[in-house]
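Below is one structure, written out as C-alpha cells, with a few remarks after it.
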Amino acid sequence: PKPVFHPRDQVGVIPQLGFFDPLNQAPDGKLQKWRSMREGEIKHGRVAMLATVGLIVQHFIHRPDVQEIPLYYGRSSPFGIGALGIFYGPEGFLQLIGLAFFFVVMEFFVWTPDDFKEPGDYGNPLSIPLYTPEMRYNEITNGRAAMISAVVIIFTEFGTGKDAVQQLGF
Numbered sequence: 492p493k494p495v496f497h498p499r500d501q502v503g504v505i506p507q508l509g510f511f512d513p514l515n516q517a518p519d520g521k522l523q524k525w526r527s528m529r530e531g532e533i534k535h536g537r538v539a540m541l542a543t544v545g546l547i548v549q550h551f552i553h554r555p556d557v558q559e560i561p562l563y564y565g566r567s568s569p570f571g572i573g574a575l576g577i578f579y580g581p582e583g584f585l586q587l588i589g590l591a592f593f594f595v596v597m598e599f600f601v602w603t604p605d606d607f608k609e610p611g612d613y614g615n616p617l618s619i620p621l622y623t624p625e626m627r628y629n630e631i632t633n634g635r636a637a638m639i640s641a642v643v644i645i646f647t648e649f650g651t652g653k654d655a656v657q658q659l660g661f
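Residue numbers (the working numbering): 492 to 661.
The structure is reproduced here in C-alpha cells:
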C-alpha cells in the first residue's frame, strides 16, 4: 500500500514551533491540497521578499519631482507606499496596465504548477541548487518573515506618514 502523506514531515516545519495547523487546512493524506497551499505560500513569500526590498529601496531611488506631485493616500510618504498613488499621465497608467497584463499572462501560462516538480519550481536556468532541503527551508521561512515585514512596513507608514527608512531616522 502507498504510504499516507503527512504534512508535518515536510520541509518548512519550524522545529521550535512544531507543525502549526490549528484550522486543519493541511490534513494527513491530502497531498494535492497541501501542494496547492505550499505553492501559494512560496509565491506569496517571493512577492513579499521583493516588496520588502522595494519598500526600502524606493526611498533612495525615485524621480526628482516626486515631492511636487499630490498624493492620493493621505499621510503616506511619496517615497514609500504613497508612490502607488502617483500616476505620470496616460503613459504611466498604460505602463501600469501593461505590467499587470504581463504578470497575469506569466501567472496563467508560464508559472504553472507541475505535479512532477517541487512546489514553486518554475525552472532553474542557472542550475543553482535551489531545491535542497536547506534551501527550501530557508526560502519558506524567509518568505514568511517577509510577508510579516511587508505588512508591518505598510501599516506603520500609513500610521506615521513616514516610509520605512524615514522611520529609522534617516
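The beta carbon of each residue, even a glycine, is placed where N, CA and C say it ideally should be.
message = Quick check on the DSSP output: the alpha helix (DSSP H) that includes ALA574 runs from which residue to which?
response = Note, ALA574: premise wrong, no alpha helix (DSSP H); not H, not E.
message = Taking the straight line between their C-alpha atoms, what separation do you get for GLN657 and GLN523?
response = 44 Å
Nearest-angstrom Cα separation, counted from MET638 out to HIS535 = 7 Å
query = Distance, Cα to Cα, ARG554 vs GLU582?
reply = 15 Å
key: Buried or exposed (CB count within 10 angstroms, at least 16 for buried), ASP654   = buried
request  = Indicate the three-state DSSP secondary structure (helix, strand or coil) for GLY509 in the structure shown.
outcome  = strand
ask   = For GLU530, which residues of its own chain have a beta-carbon under 8 Å away from its beta-carbon, when the five flanking residues on both sides are left out?
value = PRO604, PRO610, GLY611
request  = Just the C-alpha distance for ILE547 and VAL557, rounded to the nearest angstrom, thanks.
outcome  = 16 Å
key: Whether ASP519 touches VAL538 by CB criterion (8 Å)   = no
message = Taking its Cβ as the centre, do 16 or more other Cβ atoms sit within 10 Å of SER527, making it buried, or is it exposed?
response = exposed
ask   = What residue does the alpha helix (DSSP H) around GLN658 start on, and which one ends it?
value = 655-658
Same chain, Cβ closer than 6 Å to ASP512, neighbours up to 5 away in sequence not counted = none
task = Tell me where the alpha helix (DSSP H) around TYR622 begins and ends.
result = That residue, TYR622, is in no alpha helix (DSSP H); it is neither H nor E in DSSP.
ask   = What whole-angstrom Cβ distance do ASN629 and MET540 have, given they're in contact under 8 Å?
value = That belief does not hold up - the Cβ atoms of ASN629 and MET540 are roughly 11 Å apart, past 8 Å.
query = Over what stretch of residues does the alpha helix (DSSP H) that includes GLY520 continue unbroken?
reply = Element bounds for GLY520: n/a, residue is neither H nor E.
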